[in-house]
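Taking it in order: structure first as structure tokens, then the write-up.
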Amino acid sequence: MSDVRPFLWLIPALPLTAAVVTGVFGPRLLRRHSHWPCILAGAGACVVSLMTFLAVHHGIRDFVVSHEGGASSQEADPHPHQISVYYEWIKVGDPGAGRGMEVGFALNADALSAMMVLMVTFVGTLIAIYSVGYMHDDEGYARFFAEVSLFLFMMTTLVLADNFILLYLGWEGVGLCSYLLVGFWFTKPSAAAAARKAFLVTRIGDMGLLLGILLLWSRFGHHLDYQHIFNHVERARQAGTLDYGLLTTACLLLLCGAVGKSAQFPLHVWLPDAMEGPTPVSALIHAATMVTAGVYLIARCTPLFMLAPDAQVVVATLGATSALLTALIALTQNDLKRVLAYSTISQLGYMFLALGSGARSAGEAFVTFAVLAAMFHLFTHAFFKALLFLSAGSVMHAMGGVIDMRRFSGLRKVLPRTHWTFLCGAGALSGFPLLSGFWSKDEILDAAWTAGNHADRYASWYLLLWLVGLITAGLTAFYTFRAYFMTFWGEERVPQEAYAHHHGHTAHGETPQLESPPVMTIPLMILAIFALGVGGVLGPTHLFGGFVAHTPGLPPPEHESLNFTMMLVSSLVALGGIGLAWLMYVRQPDLPARMARSAQGLYQLSLNKFHIDELYDAFILAPLAGLTTFLRIFDLYVLDGLVDLTGHLFRWLGVRFRPVQNGLVQFYALAMVLGLTVFLIALVSKM
Amino acid sequence: MPALPLHHYLIVGAILFALGLIGFLARRNLIIMFLCVEMMLQGVSINFAAFARYRGNLQGQAFILFIVTVAACEAAIALALILMLFRRHHSLDVSKWQELREPGEEPTEDVEPLPPAPREPPLPHLTPSGVEPEHRAEESHV
Amino acid sequence: MPYCLFSAVSPSVEWWPIVLPLLAGGAAIYLLLPRPQAYPMLWGIALGLPALVLTLVLLTRSGVISPETILFWSFSAVAILAGTLLVTQHNPARAALAFTLVVLSTCGLFLLLAAPFLMAATIIIYAGAIIVTFLFVIMLAAQSGLSDADDRSREPLLTTLTGFILLGTLLFVLQHYDNGVNEAARELDPLVERVQKIQSLDTREAMVQEVGEPGKDDDLFRQFKRVYSRKPQWKDLEERVEHVGFDWSDIDSKDAKAVEKSKEQLKALGTLAASARQRLNWMPLLARAPLSNMSGPPPTVEFENVRRDETQQLPRMPADNAAYLGRSLFGDFLLPVELGGMLLLVATVGAIAIAFRRS
Chain A
176 MSDVRPFLWL IPALPLTAAV VTGVFGPRLL RRHSHWPCIL AGAGACVVSL
226 MTFLAVHHGI RDFVVSHEGG ASSQEADPHP HQISVYYEWI KVGDPGAGRG
276 MEVGFALNAD ALSAMMVLMV TFVGTLIAIY SVGYMHDDEG YARFFAEVSL
326 FLFMMTTLVL ADNFILLYLG WEGVGLCSYL LVGFWFTKPS AAAAARKAFL
376 VTRIGDMGLL LGILLLWSRF GHHLDYQHIF NHVERARQAG TLDYGLLTTA
426 CLLLLCGAVG KSAQFPLHVW LPDAMEGPTP VSALIHAATM VTAGVYLIAR
476 CTPLFMLAPD AQVVVATLGA TSALLTALIA LTQNDLKRVL AYSTISQLGY
526 MFLALGSGAR SAGEAFVTFA VLAAMFHLFT HAFFKALLFL SAGSVMHAMG
576 GVIDMRRFSG LRKVLPRTHW TFLCGAGALS GFPLLSGFWS KDEILDAAWT
626 AGNHADRYAS WYLLLWLVGL ITAGLTAFYT FRAYFMTFWG EERVPQEAYA
676 HHHGHTAHGE TPQLESPPVM TIPLMILAIF ALGVGGVLGP THLFGGFVAH
726 TPGLPPPEHE SLNFTMMLVS SLVALGGIGL AWLMYVRQPD LPARMARSAQ
776 GLYQLSLNKF HIDELYDAFI LAPLAGLTTF LRIFDLYVLD GLVDLTGHLF
826 RWLGVRFRPV QNGLVQFYAL AMVLGLTVFL IALVSKM
Chain B
614 MPALPLHHYL IVGAILFALG LIGFLARRNL IIMFLCVEMM LQGVSINFAA
664 FARYRGNLQG QAFILFIVTV AACEAAIALA LILMLFRRHH SLDVSKWQEL
714 REPGEEPTED VEPLPPAPRE PPLPHLTPSG VEPEHRAEES HV
Chain C
70 MPYCLFSAVS PSVEWWPIVL PLLAGGAAIY LLLPRPQAYP MLWGIALGLP
120 ALVLTLVLLT RSGVISPETI LFWSFSAVAI LAGTLLVTQH NPARAALAFT
170 LVVLSTCGLF LLLAAPFLMA ATIIIYAGAI IVTFLFVIML AAQSGLSDAD
220 DRSREPLLTT LTGFILLGTL LFVLQHYDNG VNEAARELDP LVERVQKIQS
270 LDTREAMVQE VGEPGKDDDL FRQFKRVYSR KPQWKDLEER VEHVGFDWSD
320 IDSKDAKAVE KSKEQLKALG TLAASARQRL NWMPLLARAP LSNMSGPPPT
370 VEFENVRRDE TQQLPRMPAD NAAYLGRSLF GDFLLPVELG GMLLLVATVG
420 AIAIAFRRS
């Protein structure tokens, strides 16, 4: 086992360096070469992540072997399969003596974070390479790569953090980068508004997260690093002194942060608007990495959540609600990227469903199983959703910025490579048998089903949630392939904007070459391979589960056999959805319009996203705006009036006293003597 | 025969001090103001000398010598300053220098008119160097 | 003790000797200050002379007529009179002469205070040097006759009020303090007389009878202790009386040696009483003065250890004042003397530089 501890700090440090270098030198010196620091740093971080991953993997293998070999577990390091480094960061008082607080810049790579960081750096690097082609003639080329590098730094910090404060730093950092990148084209009012919305809506959740962290700190032993908190809670549980109500509150507050970051109902409204940003950003931040931070947080805090079944059922319910709601919205959207955005929320809802299903009453091993299902879906989803976004970006790039699916169709000849990669991603997303999404979604449904059958509380509720998940699976297949068929099938139509860059070719009357350059399509193909294969290679072979299950804090897992019945059901549902889409959009293209007319109310409801934005406007924003107006008036005329009054009072006094300064030396001397006399009299009167 | 009590000397010192203070505050001739300051110093010196006597040591007297030294310095500098200020305004009136007042404030002027006739005989004065003194016409009383 | 001005005025301080001369003097100065529409000078004189007389009464109330008192009296009167003249005189040249008079009478007071060298130095420096220079400047400046400013005063009423309130406060403090000394003296004096009376007795029995039985309330030692316990600066004397008293009650024989010894102890008691009287003049001293004996006994030296005049009860000053003052200056105050010399040099240079500047 090679020692990677000395290099662990490189994972966040490389992207940070790239961000600084690109930010400082990019606009003037690097210009068209601004992508190099970002790509090199991403690749370097990816290599170090891979080394870390392998080291953790070796540690786990040695651990397992030593256990099977009957070695005493007591003499072994209790966590040999985690690599951590500690740098002093914040130190207040004397923490050793119990007075004060110590927060380290502590990085910790265990199975969960090693997997996450590898995924983040790998996908991030591919997306950075893709961006070279996508962003090639943008004015903010250097700024884009500086911000992407900064994002990679923050995301790796978030994932590798060993305490809540550092996690919070990364959490807010990725929020900031999301704001910057969504508002990348900040001269566009819609982009600026979307960036502000994304930032503010996630702030609501972040406040909950902060409160949760502070609650954990103040009520659970004044610790901030995960392991100490988990140990404290576990000891309290064994001693019977655990305050379950308080723990549930803390979990719900943490969930609040996760809901905001992962765009779950009811804070999901920012994600579809965030599609205003460049498509690689949507792929990187709003599909593969940042939005999964909420899932990661809850998975990381599994030792807390599994002791709070009430919080868990809230997690699962919120997840299922988001999944179904956004799947319904996605059915009718015409913007390709928005369809994908809603599907992201939907898939994240799946993960929450899985995380919430890990009821401890169904067996401690089952908790791990549910978490593994969520993390596995997160893992595969990162690949195929990034692939789908990048393919959509490729389409958008080729169509000259047009993303409305009603304006183009039949592109499978025009964009052959994009067509194939999109198809791979769509298949994986919709759960086509044996592709990535199939395996992970199947595990989630399995987890929900098991919870419905074995949990001692909320069992029937979990069964209902399972049903919701199954329906959503069908809807997912339908809307994914609806988008696919609308884009790539039917008669060949290309909007005029697509030819804006190709005047030379159209002049010759030939079909112009619209397909994206290799620098974009090669990352697509790599991602496509992963989207197709990663589920099948890692899922049924238990490679993924066997690895991540060794995350400290998770109960030891059992090897579960594959649930073939569930596979069959979900396959049928997925194939049914795909078939229905084919029927409606390829065979009988006029069927959707007729259905929309016959069910006008439902259609409009879905198209207008269930009016959630309008509801928020009416019931939250409008009262707040009224309050703000009142406060503004109060501030202007009452508070400022008081402040002005203070100023005016002293001004008035000053004007009254001005004649005292009349320039006559003897007057000044007289004043001094008067003061002296008063002082003396005061002294004498005390005698 | 008991000696005079200490506080009698202190009372004389206090009276001289207060008189000098009043003169400094009220009189407008710079030279008289400085003389009054010197008188205040005299009052303080009496205090020092009395304390020295009643303690039986010489520290107070040594201090008076320092006071005299500082007074001499003060007089030298003050006279030089008075001369310079006099050259500028041709007056020893301290109220002539009141420019350092609040901007916009009216200058303090003397409103009450003086009685017309000078009541004092002319002062003795020095003839500036290099100027031939006026010769009074010889009067013969023979 | 309540922190209130008027309640602090203890009944022991009589108001009229302070307030009357203050009021009269203040009014006189106010009337005499130069102004365009002057009050008749007689009014001022009529008020000022009684004020001066009252002040002199204040200055001699507790004294005995003696050459020293008379000299002090006349020097003070001249000083105050000349000071008033200085303040009220229109003509600067006359004011300078009045100031000379102030300096001269102050020098007389210096002489009374055993400071002949200072007297000489002050006359030479002030009357000889400073006043002459001032007169030169006056003559140079006043070639065009009296200036308007000499006939005006700045805020005569306010200034006189301020000055006399300040003076009143100072006088009150001094009077209060003097009364305290007198009060303590009134308590101590009968006891000291009693000690002297006992010392003149021959037999021990008679002495014991006069002293009173040890342990009883009218015991002499008890009475001393009671008086000493009244003031904070006498606290340690209380203990020392205890010592004397202990030895006293221990001896119980009639031989001459014992009588002598008792007389010695009585003498010690008398010395303690004198020390107590003198301590009332003393401020509490916190630090040791780092001075040599060249400047006379340092203030931290105990009362008993200071050589003093038998009749006046004042400490003896060195007989050759100038010599000892010189030793003191060049011994204890060498650095200040050097700094003073430096200051004089710098002031001379500065005065020349300023006076020569042409504007």
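Chains as they are written, first to last, in this note's numbering: chain A, 176 to 862; chain B, 614 to 755; chain C, 70 to 428. Built from N, CA and C at the ideal position, the CB exists for glycine as well. Quick caveat, the model's predicted, so the values are computed rather than measured.
Reference residue i, options the options, closest by Cα
i: Glu137 of chain C; options: C:Gly177, C:Pro119, C:Leu111, C:Ile149; result: C:Gly177
i: Gly626 of chain B; options: C:Thr124, C:Glu83, C:Pro119; result: C:Thr124
i: Phe328 of chain A; options: A:Gly850, A:Pro202, A:Thr192; result: A:Thr192
i: Asn390 of chain C; options: B:Cys649, B:Phe699, B:Gln674, B:Tyr622; result: B:Gln674
i: Lys372 of chain A; options: A:Leu384, A:Leu351, A:Arg587, A:Trp392; result: A:Leu351
i: Ala342 of chain C; options: C:Ser298, C:Leu413, C:Met363, C:Val172; result: C:Ser298
i: Ala433 of chain A; options: A:Ala749, A:Glu409, A:Asp792, A:Ile473; result: A:Ile473
i: Leu638 of chain A; options: A:Val488, A:Phe785, A:Asp285; result: A:Val488
i: Cys426 of chain A; options: A:Val376, A:Leu482, A:Pro441; result: A:Leu482
Minimum Cβ-Cβ distance from residue i to chain A less than 7 Å
i: Thr682 of chain B; result: no
i: Tyr72 of chain C; result: Its pLDDT being 34, under 50, Tyr72 of chain C is placed unreliably by the model, and nothing is read from it.
i: Arg223 of chain C; result: yes
i: Leu643 of chain B; result: no
i: Arg714 of chain B; result: yes
Contact check, residue i vs residue j, beta carbons under 7 Å
i: Ala548 of chain A; j: Glu451 of chain A; result: no
i: Leu506 of chain A; j: Cys476 of chain A; result: no
i: Ser532 of chain A; j: Ala626 of chain A; result: yes
i: Ala703 of chain A; j: Thr593 of chain A; result: no
i: Leu446 of chain A; j: Ile520 of chain A; result: yes
i: Val298 of chain A; j: Ala567 of chain A; result: no
i: Ala587 of chain A; j: Phe663 of chain A; result: The residue asked about is misnamed: residue 587 of chain A is Arg in this sequence, not Ala. Yes, they are a contact pair.
i: Trp112 of chain C; j: Leu100 of chain C; result: yes
i: Phe551 of chain A; j: Ala603 of chain A; result: no
i: Ala336 of chain A; j: Thr197 of chain A; result: no
i: Arg640 of chain B; j: Gly838 of chain A; result: no
i: Gly665 of chain A; j: Ser584 of chain A; result: yes
i: Val456 of chain A; j: Leu356 of chain A; result: yes
i: Ala220 of chain A; j: Ile186 of chain A; result: yes
Cβ of residue i within 7 Å of any chain C Cβ
i: Val853 of chain A; result: no
i: Met614 of chain B; result: Note that Met614 of chain B has pLDDT 43, beneath the 50 cutoff, so the model's placement of it is unreliable and the number below is only indicative. Closer than 7 Å to some Cβ of chain C, the Cβ of Met614 of chain B qualifies, so yes.
i: Gly850 of chain A; result: no
i: Gly743 of chain B; result: no
i: Val859 of chain A; result: yes
Chain B within 7 Å of residue i, Cβ atoms only
i: Thr238 of chain C; result: no
i: Ser145 of chain C; result: yes
i: Met188 of chain C; result: no
Presumed contact (8 Å Cβ cut-off) between residue i and residue j, rounded CB distance
i: Asp546 of chain A; j: Leu530 of chain A; result: The residue asked about is misnamed: residue 546 of chain A is Val in this sequence, not Asp. Indeed they touch by this definition, with Cβ atoms about 6 Å apart.
i: Leu523 of chain A; j: Ser437 of chain A; result: 5 Å
i: Gln292 of chain C; j: Leu335 of chain C; result: Going by Cβ atoms, the distance from Gln292 of chain C to Leu335 of chain C rounds to 14 Å, so no, they are not a contact pair.
i: Ala498 of chain A; j: Gly644 of chain A; result: 7 Å
Per the contact definition of three or more C-beta pairs closer than 8 Å, is the region 727–742 of chain A in contact with the region 537–557 of chain A? Pairwise C-beta distances place the region 537–557 of chain A in contact with the region 727–742 of chain A, as three or more of them are shorter than 8 Å.
Would the region 227–240 of chain C and the region 85–94 of chain C be scored as touching if the rule is three or more Cβ pairs under 8 Å? The region 85–94 of chain C and the region 227–240 of chain C touch, with three or more beta-carbon pairs separated by less than 8 Å.
Below 8 Å, can you find three or more Cβ-Cβ pairs linking the region 603–622 of chain A to the region 459–476 of chain A? Not touching, per the Cβ criterion.
Within 8 Å, do at least three Cβ pairs link the region 159–175 of chain C to the region 663–671 of chain B? Contact check between the region 663–671 of chain B and the region 159–175 of chain C: fewer than three CB pairs, one atom from each, fall below 8 Å, which does not count as touching.
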